[in-house]
Structures are given as C-alpha cells and as structure tokens.
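Quick note: to get our numbering, add 296 to the position in the sequence shown (first position is 1). Ideal Cβ positions, reconstructed from N, Cα and C, are used throughout, including at glycine. Here the structure is a predicted model, which is why all the values come from computation and not from measurement.
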Amino acid sequence: MEIILQANFISKSFPGVKAVDGVSLELRKGEILALVGENGAGKSTLTQILGGAQKPDVGEIILDGKPVSFTSSDQAILAGISIIYQELSLVGSLSIAENIYANRHPVGPINNILWGKLYQQTQELLDRFELDLSPAVRVKYLSMGQQQIIEILKAISINPKVLILDEPTSSLTEREISYLFTNIRKLREQGISFIYITHKLSEVFELADRVMVMRDGKYINCLPIEQITENDLISMMVGRKIENLYGARVPEYAETEWIMRVEDFSKRWAFQDVNFDLRKGEILGFAGLIGAGRTGVGRAIAGIDQKDSGKLYLNEKEIKIHSPMDAIHHNIAYLTKDRKGDGLFLDMSLRDNLIAPSIDKFATAIGFLDRRSIDAHAEEKVKEFDIATTSITKKVLYLSGGSQQKVLVAMWTGIRPRVIIFDEPTRGVDVGSKAEIYQLLRRFAAENTSIIMISSDLPELIGMCDRILVFHRGRISGEILRKDFTEERILTLASGLQLAVENGNSRQSKGGN
Numbered sequence: 297m298e299i300i301l302q303a304n305f306i307s308k309s310f311p312g313v314k315a316v317d318g319v320s321l322e323l324r325k326g327e328i329l330a331l332v333g334e335n336g337a338g339k340s341t342l343t344q345i346l347g348g349a350q351k352p353d354v355g356e357i358i359l360d361g362k363p364v365s366f367t368s369s370d371q372a373i374l375a376g377i378s379i380i381y382q383e384l385s386l387v388g389s390l391s392i393a394e395n396i397y398a399n400r401h402p403v404g405p406i407n408n409i410l411w412g413k414l415y416q417q418t419q420e421l422l423d424r425f426e427l428d429l430s431p432a433v434r435v436k437y438l439s440m441g442q443q444q445i446i447e448i449l450k451a452i453s454i455n456p457k458v459l460i461l462d463e464p465t466s467s468l469t470e471r472e473i474s475y476l477f478t479n480i481r482k483l484r485e486q487g488i489s490f491i492y493i494t495h496k497l498s499e500v501f502e503l504a505d506r507v508m509v510m511r512d513g514k515y516i517n518c519l520p521i522e523q524i525t526e527n528d529l530i531s532m533m534v535g536r537k538i539e540n541l542y543g544a545r546v547p548e549y550a551e552t553e554w555i556m557r558v559e560d561f562s563k564r565w566a567f568q569d570v571n572f573d574l575r576k577g578e579i580l581g582f583a584g585l586i587g588a589g590r591t592g593v594g595r596a597i598a599g600i601d602q603k604d605s606g607k608l609y610l611n612e613k614e615i616k617i618h619s620p621m622d623a624i625h626h627n628i629a630y631l632t633k634d635r636k637g638d639g640l641f642l643d644m645s646l647r648d649n650l651i652a653p654s655i656d657k658f659a660t661a662i663g664f665l666d667r668r669s670i671d672a673h674a675e676e677k678v679k680e681f682d683i684a685t686t687s688i689t690k691k692v693l694y695l696s697g698g699s700q701q702k703v704l705v706a707m708w709t710g711i712r713p714r715v716i717i718f719d720e721p722t723r724g725v726d727v728g729s730k731a732e733i734y735q736l737l738r739r740f741a742a743e744n745t746s747i748i749m750i751s752s753d754l755p756e757l758i759g760m761c762d763r764i765l766v767f768h769r770g771r772i773s774g775e776i777l778r779k780d781f782t783e784e785r786i787l788t789l790a791s792g793l794q795l796a797v798e799n800g801n802s803r804q805s806k807g808g809n
C-alpha cells in the first residue's frame with residue numbers, strides 16, 4: 297500500500313525533558329493508524345511536529361514522496377496535513393458555513409461575500425456526508441458530535457491528505473461516536489489517511505487498521521490490529537504486565553447495612569422519583585446515556601445543584617444539604633468529571649489544591665494557616681497517591697492528566713469522606729493511571745468508604761462495581777447485581793427498550809383481559 301506520510305528519526309526536546317526521541321512513523325494512504333501511549337509518552341508532541349505546530353530538533357518528514365519542512369500549522373494545512381484537537385476551534389456565534397470557510401469566503405468583484413455561493417458550497421459538503429443541517433445554522437445550537445463533524449468538514453474543505461484526530465470522542469455520546477466513526481470510515485474509503493490518538497482502547501480495536509505504541513518519548517512497536525490483544529497493547533504502553541486492570545476485591549464484598557439513602561429525589565427537567573440505598577464499603581455504579589440524569593443526581597446529593605423535592609439520609613438520620621459546604625460537613629465528597637473546569641485550581645500549586653476542601657483544619661487558634669502542617673500534609677499526599685511531581689509548589693496545570701486526576705482524589709481524602717461520588721473517574725487518563733485510580737477506589741472500599749461511580753465506560757462499571765443502577769430519561773430504569781452484569785443488559789435499560797417491552801406486555805395483558 298502506498299505510503300502517504302513518513303517521519304524518520306524525529307526528536308524534540310524541551311527544557312529538562314526529551315519529549316520525542318528518535319521516533320519513526322509510516323502512514324499509508326486510506327489507513328487509520330491509532331497512536332497510543334500513556335500521558336507524557338510523546339504522542340501530542342509528535343503529531344504537533346507532523347502538523348507544523350512544533351519544529352523537530354532532528355529528523356525529516358516526507359509527505360507524498362517529497363521532503364517537507366513546516367514552520368507553522370497553516371503551512372502543514374496547505375500541504376495536506378490537518379490536526380483536529382480536543383478543544384474545537386469553531387466559533388459558536390457563527391454559522392456552519394462561516395466556520396467551515398472561515399477566511400476563505402467566496403467574494404465578488406468588490407470584495408463582497410457571495411452568500412449564495414457560500415451556502416451552496418457548504419450544502420454540497422453537508423449532503424456529501426448525509427448531514428441534515430442548514431448551512432445557516434449557528435454552531436452553538438449543534439450537539440458536540442455534530443460540532444466534531446463540522447470541524448472535520450472544515451478540514452475536508454481544504455482537501456487534506458492526512459487528518460490527525462486528538463481524543464475526538466472525549467465529550468461525545470455513544471450515538472455521536474457511532475456517527476463519527478461511520479464518517480471516518482467513509483473518508484478512509486475516499487483515500488484520506490488518519491492518525492487517531494485515543495486512551496480508549498475499545499476504539500482502537502473498533503476503528504484502526506494498525507496501532508503504533510509510544511512510551512517515554514520512544515517508538516515501541518507498530519502492528520496490524522488483528523495481530524495484537526488488548527493485554528499486549530496495555531503491556532507495551534505501560535512497560536509492565538497488568539494482569540487485571542480493575543483489580544480484585546480484597547476482602548470480597550459482602551452486602552452490609554446501608555449508609556446513605558436517597559428518597560424521591562426530583563428536579564424538573566433533570567431527574568424524577570429517584571430512590572436507592574448505598575451500602576457501607578460498596579461501589580455502586582450509575583450507568584446511562586449522557587443526559588439521563590446520572591450526574592444531576594450526584595450533584596444534588598453533593599449540594600452543587602438544588603433538587604426540587606426528596607429526602608437524603610445518612611446513617612439513618614435525615615440530613616439537609618443546600619451547598620457543597622454542607623456536603624463536606626457530612627463527609628460527602630463529589631469528584632467532578634470536569635477536573636480542569638470545576639475540580640482543580642490549575643493556576644495554583646499542588647500544595648494549595650491538596651488542602652482546598654479541608655483548609656479549615658490547618659488554621660491556628662488565631663486564624664492563620666499553619667504552613668508547616670500544610671507542607672507536611674501535601675508531601676504525605678504526594679507520597680501516598682504517588683503523584684509525579686518535582687515539587688509541591690508546582691502548578692497543577694503542568695501535571696499530566698493522570699497526575700491531575702490523582703490530585704483530585706487526594707484533595708478530597710482530606711475531609712475523610714464516608715461517601716465519594718466520582719463522576720467519570722478515568723476520563724482523559726492513560727491506561728497506567730487508570731489502573732492506579734482503580735486500585736485507589738478498591739482501597740477506599742476495603743476501608744468501608746462508600747463510592748458512587750458515574751461512568752459512560754461500560755467495561756469500567758462492570759469491572760469495578762458491586763451493583764449498577766441504570767438511568768433513562770431522568771429515572772432509574774433498573775438495578776443490576778454483579779452476577780448479572782452484561783453490557784447488553786445495561787444498554788437495554790439505558791436505551792429504554794426494557795421499559796418499552798414491559799409497557800407493551802402490560803397493554804397486551806390489559807387487552808387480553
């Protein structure tokens with residue numbers, strides 16, 4: 297098969313670190329090459345070099361058989377290489393057409409925009425991908441999945457040879473992911489080549505033709521997807537064998553008395569009539585499609601959002617939670633799915649983040665903070681949670697995704713939580729960090745801390761939980777015990793198919809009577 301892009305012995309260093317060390321890569325025409333590795337493996341730096349955002353210290357890039365050298369992303373785009381990052385570059389207040397052809401509008405003799413031609417060009421592009429959208433619709437009204445496709449269409453409009461996608465499904469629903477994959481495959485059939493960066497190994501095996509592994513800035517291996525197993529891939533990524541990603545219950549979970557009870561929780565347009573118990577030392581999963589009410593219930597328990605009605609009991613006593621401070625007072629921790637937006641203070645030090653929820657404990661009798669105790673506490677947490685850092689004064693912004701997630705967990709252990717609500721606990725972290733986070737959750741459960749795990753990752757829920765509650769349109773559509781866990785059963789309840797079958801049977805029964 298024809299080689300469209302080749303990188304030979306690429307190296308790139310930054311102060312104190314060699315980000316890419318002598319890496320070579322080959323991408324074939326009409327191929328999807330998955331690029332995987334832990335955070336800090338060098339994937340992003342390598343693709344930024346290929347896409348003109350960084351200049352290599354050493355090495356050469358060959359595109360379509362000719363050596364190329366880029367000093368900017370614009371040069372790479374004109375040559376045929378486009379990168380689509382996690383943070384989309386679309387302008388919400390502008391139309392689909394204006395976003396796709398930004399700075400490339402068709403113009404008339406007096407430099408006026410030819411709107412009719414612009415909309416016609418855009419409509420042809422939308423029709424090509426069977427998108428039932430108007431070119432005049434503002435991007436802010438589109439779903440995240442539709443926006444991701446528009447970002448790809450923007451790149452397609454320049455006739456690229458290579459598209460580099462960086463974690464494109466991190467904010468998408470299952471339906472949107474399926475739609476995205478369908479369109480990526482269509483583009484592959486048209487001869488466009490892809491480098492696909494992801495932490496989701498299931499996507500690698502569903503989509504990729506080959507997979508290339510990087511570790512510590514170096515090339516490790518590149519194999520056809522049919523020649524590798526998930527365990528082999530994990531071992532190459534982390535440099536060690538992980539026998540069981542999710543770990544094992546030690547001791548084995550046995551049903552205990554309940555510690556928290558939710559009764560008749562309701563919030564208009566979010567969730568209705570939610571009832572469940574949480575047992576001591578239990579890991580209880582919340583499954584369901586995005587928008588089904590899982591996160592809303594978790595945020596209401598933690599006092600971040602206010603419910604309209606319902607009662608909350610802790611250790612058989614009704615408690616009132618009107619704010620996150622009330623939840624902290626009752627030793628309930630909520631770990632947000634958006635660690636960068638809501639969970640961490642990125643511009644503050646690791647030390648300051650680690651004491652944030654429990655800062656009152658470090659105040660002296662006269663109201664000052666005890667810096668010596670704070671430093672000791674921070675050093676202890678860094679060691680306990682194995683957070684990779686050179687100093688407790690380092691800004692959290694500069695830590696890897698996996699280390700940031702461990703900081704999020706460590707900071708909330710300062711309140712000695714009895715209940716931890718963890719929303720998307722491993723979103724955006726590499727497989728090695730996932731294993732460490734799972735190990736931490738196992739440890740908390742063994743110490744009788746109760747955990748609610750809200751996750752869109754079905755293998756994660758099945759691997760970690762003792763029970764799973766499935767949400768559909770704001771209600772609990774079913775409870776599944778560990779012995780009955782299957783992805784099919786969870787998806788059936790999450791999509792409402794079980795309810796539809798039950799309602800249909802009920803109507804038939806009534807009709808028969």
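| Asked | Found |
| --- | --- |
| Which runs of the beta strand (DSSP E) at least 3 residues long sit entirely within the segment 740 to 772? Give them in chain order. | 746 to 750, 763 to 768 |
| Which of helix, strand or coil does DSSP assign to ASN571? | strand |
| So, helix, strand or coil for GLU675, using DSSP? | helix |
| Touch check for the segment 698 to 709 and the segment 608 to 615: three-plus C-beta pairs under 8 Å? | no |
| With distances taken Cα to Cα, identify the nearest neighbour of LEU468 among PHE767, SER752, GLU783. | SER752 |
| Inspect the CB distances between the segment 395 to 408 and the segment 357 to 375 and report whether three or more fall short of 8 Å. | no |
| Of all the options ILE380, THR478, ASP762, which has the alpha carbon lying nearest to the alpha carbon of PHE582? | ASP762 |
| Contact check, ILE379 vs THR343 under 8 Å by CB: the rounded distance? | 6 Å |
| In chain order, what are the residue ranges of uninterrupted beta strand (DSSP E) at least 3 long that sit wholly in the segment 619 to 658? | 628 to 631 |
| Report back the beta-carbon spacing between ALA588 and HIS768 to the nearest angstrom; my notes put them in contact at under 8 Å. | 6 Å |
| Is DSSP giving GLU502 helix, strand or coil here? | helix |
| Which same chain residues end up closer than 6 Å to GLY513 when comparing Cβ atoms and leaving out the 5 residues on each side of it in sequence? | LYS314, ALA315, VAL316, ASP317, GLY338 |
| Does the segment 368 to 379 come close enough to the segment 449 to 460 that 3 or more CB-CB pairs lie under 8 Å? | yes |
| Can you tell me which of the three DSSP states SER802 falls into? | With a pLDDT of 45 at SER802, under the threshold of 50, the modelled position of this residue cannot be trusted, and the question is left open. |
| Per DSSP, which one or two residues make a beta bridge with GLY584? | PHE767 |
| Who are the near neighbours of VAL332 in its chain, counting only those whose CB is closer than 8 Å to its CB and skipping five residues on each side? | LYS339, ILE493, THR494, HIS495, LEU497, VAL500, VAL507, MET508, VAL509, MET510, LEU529, MET533 |
| Count the other CB atoms within 10 Å of the CB of ASN335; is the residue buried (16 or more) or exposed (fewer)? | buried |
| Have a look at the DSSP bridge pairing and note the partners of GLN735. | Its beta-bridge partners do not exist; DSSP assigns none. |
| Compute the Euclidean distance between the alpha carbons of THR552 and ASP428, then round it to the nearest angstrom. | 52 Å |
| What separation, rounded to the nearest whole angstrom, lies between the Cα atoms of MET707 and ALA629? | 10 Å |
| Excluding the 5 residues flanking GLY388 on each side, which residues of the same chain have their C-beta closer than 8 Å to its C-beta? | ARG434, VAL435, LYS436 |
| So, with DSSP's three-state summary, where would you put GLN302? | strand |
| If you draw a straight line from the C-alpha of ARG714 to the C-alpha of GLN735, how long is it? | 18 Å |
| In three-state terms, what does DSSP make of LYS730? | helix |
| Evaluate contact between the segment 352 to 359 and the segment 302 to 312, counting only Cβ atoms and requiring at least three cross-stretch pairs below 8 Å. | yes |
| Quick check: VAL558 and ILE597, are their CB atoms within less than 8 Å of each other? | yes |
| Helix, strand or coil, according to DSSP, for ILE357 in the structure here? | strand |
| Rounded to a whole number of angstroms, what is the C-alpha to C-alpha distance between ILE758 and GLY594? | 19 Å |
| Please give me, in chain order, every unbroken run of the alpha helix (DSSP H) with length at least 4 that falls completely inside the segment 360 to 434. | 369 to 375, 392 to 396, 411 to 424 |
| Name the residue from GLU383, VAL705, ILE716 whose alpha carbon lies nearest to the alpha carbon of LEU650. | VAL705 |
| Cβ of ILE772 within 8 Å of Cβ of PHE572? | yes |
| Does the segment 709 to 727 come close enough to the segment 516 to 524 that 3 or more CB-CB pairs lie under 8 Å? | no |
| For the alpha helix (DSSP H) containing LEU704, list its first residue and its last residue. | 697 to 709 |
| Restricting to Cα atoms, I'd like to know which of GLY592, ILE655, GLN416 is closest to TRP565. | GLY592 |
| Would you mind sorting SER489 into buried or exposed? The rule is 16 or more other CB atoms within 10 Å of its CB. | buried |
| Can you give the beta carbon distance from LYS603 to SER562, rounded, assuming they're within the 8 Å contact cut? | 6 Å |
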